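The structure appears right after this line, and notes come after that.
In our numbering, the protein residues as written are 3 to 146.
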């Protein structure tokens, strides 16, 4: 398991760490790293990759993944199962969808995603998200 994140104010890093902890709790060996320092060995070995960003844009419209160019520089993700997440304050808008498109263009199979409000950065909310994504991954892997 690998968790890759881009964080500006620390919320997405915190979400990534919680996702890593929940994944480890569920029995997966997990590595958490920034999008600017991806552990290539962990990426090659990972069956499921969580990728997350903060939400950039105006409060009411124009939301998108923060520093999306960094995600475009990720290595080719040919067939990797990926779950996307974003953190936001007021509105996530198209952040999850935008990041999903970027990763799909890199060859990823997006199995799901979640917008996480910064007030919901706790083990309960994140743990449920991770459990749901594990289940989606298992179902997707069974059909491919």
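Backbone N, C-alpha and C define an ideal beta-carbon position, used for all residues, glycine too. Only a predicted model underlies this, so the values are computations on that prediction, with no experimental measurement involved.
Can you check which of these residues, 25, 126, 11, is closest to residue 5 by C-alpha distance? Here residue 5 corresponds to residue number 3 of the chain shown, with the count starting at 1. Taking only the C-alpha atoms, the option nearest residue 5 is 25.
How would you call residue 8, buried or exposed, if buried means at least 16 neighbouring beta carbons within 10 angstroms? Here the question's residue 8 lines up with position 6 in the chain shown. When all chains shown are included, residue 8 counts as buried.
Residue 14 and residue 56 closer than 7 Å at C-beta: For the purposes of this step, residue 14 is taken as residue 12 along the chain shown, with counting starting at 1. For the purposes of this step, residue 56 is taken as residue 54 along the chain shown, with counting starting at 1. Yes, they are a contact pair.
Report all residues from its chain with a CB closer than 6 Å to the CB of residue 101; omit the five preceding and five following residues, and keep chain order. Walking along the chain shown from the start, residue 101 turns up at place 99. Correct list, in chain order: 55, 67, 86.
What is the DSSP secondary structure of residue 28, reduced to helix, strand or coil? Along the chain shown, one-based indexing puts residue 28 at 26. It is coil, neither helix nor strand.
Just the Cα atoms here: how many angstroms apart are residue 135 and residue 22? For this step, residue 135 is matched to residue 133 along the chain shown. For this step, residue 22 is matched to residue 20 along the chain shown. If I take the Cα positions, the gap works out to 13 Å.
Cβ pair residue 72, residue 37 closer than 7 Å: Here residue 72 is taken as the residue at index 70 of the chain shown, counted from 1. Here residue 37 is taken as the residue at index 35 of the chain shown, counted from 1. Cβ distance < 7 Å, so residue 72 and residue 37 count as in contact.
When you compare each of 93, 89, 109 to residue 127 by their alpha carbons, which one comes out closest? On the chain shown, position 125 is the one that residue 127 refers to. If we check each option's Cα against that of residue 127, 89 comes out closest.
Opening and closing residue of the alpha helix (DSSP H) in which residue 133 lies: The count along the chain shown starts at 1 and reaches residue 133 at position 131. Membership of residue 133 in the alpha helix (DSSP H) is indicated by the continuous run 125–145.
Taking all protein chains shown into account, do 16 or more other C-beta atoms lie within 10 angstroms of the C-beta of residue 105, making it buried, or fewer, making it exposed? Translated into the one-based positions of the chain shown, residue 105 becomes position 103. With 16 or more Cβ atoms within 10 Å of its Cβ, residue 105 is classed as buried.
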